[in-house]
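With the first letter of the sequence shown counted as 1, position 96 gets the number 120 in the numbering used here; the numbers rise by one all the way through.
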Amino acid sequence: MVKITYEPYSEVVIKEYTYYPKPEAFAATLAHCIQIGQPAVILWCEGVAFIPMALPPDTETVAKEYLAGRIIWSSVIFTLMPNYQQTIKAGGIEVPIVDVTPNETLRQVALWLKERVNMQTSVK
25 MVKITYEPYS EVVIKEYTYY PKPEAFAATL AHCIQIGQPA VILWCEGVAF
75 IPMALPPDTE TVAKEYLAGR IIWSSVIFTL MPNYQQTIKA GGIEVPIVDV
125 TPNETLRQVA LWLKERVNMQ TSVK
């Protein structure tokens, strides 16, 4: 019999994040990314729409981090989107939004991002 081991990631490292208070600004940035050939998949969870930019595990150092349970994202752009919708229009293009609510790691990331917005709002 084959042994199955579940070993979830232990940490997500986010090097920088950018919050767009207006979904329109988020969509404009997304449209620009699409125009320069960046693949765009928007993730949605807990009222947050976000796009992580993961460091690819194509170097020995990053691969070791992944194997040790650490995901490293160079950046994340996000906006608040209280209600899930299947697509968002970005520069005349319909971009799909994936509901990742069942993924516990991404749910925790969404909650963390939402906390950043609340912290910024309470400081002002």
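We put the CB at the ideal spot given by N, CA and C, even for glycine.
Give me the Cβ distance between residue i and residue j, rounded to the nearest whole Å; I'm assuming they're in contact under 8 Å.
i: THR125; j: CYS57; result: With a Cβ gap of about 24 Å, THR125 and CYS57 do not count as contacting.
With a threshold of 6 Å, establish whether the CB of residue i neighbours any heavy atom of the ligand FMN.
i: GLY71; result: Annotation note on the ligand FMN: not contained in the displayed structure, which lists no ligands.
Could you give the residue range of the beta strand (DSSP E) that holds residue i?
i: THR103; result: 94-104
i: ILE75; result: 72-78
i: TYR44; result: Run containing TYR44: none; DSSP gives neither H nor E here.
i: THR111; result: 111-114
i: VAL122; result: 117-123
Buried or exposed for residue i, going by 16 or more other Cβ atoms inside 10 Å?
i: LEU91; result: exposed
i: VAL100; result: buried
i: ILE75; result: buried
i: THR103; result: buried
According to the Cβ coordinates, are residue i and residue j closer than 7 Å?
i: VAL72; j: LEU130; result: no
i: VAL133; j: VAL36; result: yes
i: ALA55; j: GLY115; result: yes
i: ALA51; j: ILE112; result: yes
i: SER98; j: LEU79; result: yes
i: ILE96; j: TYR33; result: no
i: VAL141; j: TYR43; result: yes
Which residue comes first and which comes last in the alpha helix (DSSP H) that contains residue i?
i: PRO86; result: Looking at the sequence itself, residue 86 is Val, so the reference to Pro does not match. Counting along the chain, the alpha helix (DSSP H) containing VAL86 begins and ends at 84-91.
i: ILE58; result: 47-59
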